[in-house]
Every structure is written in C-alpha cells, then in structure tokens.
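Visitor:
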Amino acid sequence: MLFGEKGVGINRIKLITCSASDISRLTNTQIQNIIDYVNDKTITNGNDQSHVTSKTGTIGNDQSYDLLPVTPQASVSPASIPGINLTYDRSYFCNKTLDQYPNLYRKFSSENFDYYGITNEKICLLCELEHDEEESLEGRYKAGSYFIKCEQHEIEITA
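Quick note on numbering: the sequence shown equals residues 939 to 1097 in this note's numbering.
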C-alpha cells in the first residue's frame, strides 16, 4: 500500500511519472480533463505559458495535500535509444544504393571501393547510356558521404 501506515507519505512525492502504455490507456475524456485542468491553472506571463500555480488537492482518503507545480522537462540522449546509429557507414550506403537502384547488384568490394553490376539491362542507371557488360559502377565511401559513378557520371547517395 503506497499511502498507508507503512507507506510513503504523499508530502514526499515530488513527481509522478507513467509509462507510454499507461498514457495510451487514457480515454479521450480523461485526456481532455487533463488539458482543461492545466489550461485553467496556467498563468500567462507574456508569451510564456509554462508556469503552473500551486494547488491543494484531495487524494485518496479525502486528505488535502499541497500539489507542487512541476516544470515539464524532457530530454532523450541519442545514445540511450537502442538501434539508432547517428553515423552512416559504408555498409549502410551500400545497402541503400541497392535498395534505391533495384537493377544493381554488388559484384565485389575492395578496401576502398564497391563495384556494382547492372542486371538484365545495359542502360546505365546513372547516365542512361549503354555500357559494356564488363563495365561496373563504382561506389566509394569518403568522409561520411557515399558516391557511385560510371565512366560518364557520378552521384552522391544521401542518408
């Protein structure tokens, strides 16, 4: 029991948080009531509407407690989000190139370059000219950017 004899005193609670799943279970009426409550208690200081007045409220067994205003703060560190890579490496661009140009296939890669072939067509996707079957498109990764080129044309693949 949270507020019972052996529980935490409500006067010690400064901030209440809830999970996204808890928030998603709120009904439209409950959300509107929260919005209305905050709008009713917001003091306008010029264009700043981030101040909320202190309010005495009743919680649980009809006991009154001062509810302290809390300044909303949110920050998410990119490092704390799993699966998000802020740098795009050579592998990312190789895969993006193959996704963006479905008529290409990866022939092979060397230390600095990737070589692509054109499937079923002799028309180059970059310059729209015919190339010999032995011709390859060349991809290279340099300083966070990726470029593919044929003998006539070069384009940058962007993240």
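Where a beta carbon is used, it is the ideal one built from N, C-alpha and C, also for glycine.
So L1052 is in the alpha helix (DSSP H); what residue range does that whole segment cover?
Guide: According to the sequence provided, residue 1052 is Asp. The question's Leu does not apply to it. No alpha helix (DSSP H) holds D1052; the beta strand (DSSP E) holding it covers 1051–1056.
Visitor: Using DSSP with H/G/I as helix, E/B as strand and the rest coil, what is R1044?
Guide: strand
Visitor: Applying the 10 Å Cβ sphere with the 16-neighbour rule, what's the burial state of C1032?
Guide: buried
Visitor: Just tell me which of S959, N971, Q1090, Y1039 has its CA closest to the CA of C1065.
Guide: Q1090
Visitor: Could you check which residue in D1027, Q968, Y1039 has the C-alpha nearest to that of K1080?
Guide: D1027
Visitor: Quick check: what's the CA-CA separation for L1067 versus C1088?
Guide: 10 Å
Visitor: In the DSSP assignment, find the unbroken beta strand (DSSP E) run with Y1026 in it and report its ends.
Guide: Where Y1026 is concerned, there is no enclosing beta strand (DSSP E), given that its DSSP letter is neither H nor E.
Visitor: When DSSP labels each residue in this structure, what does L1036 get in the three-state scheme?
Guide: helix
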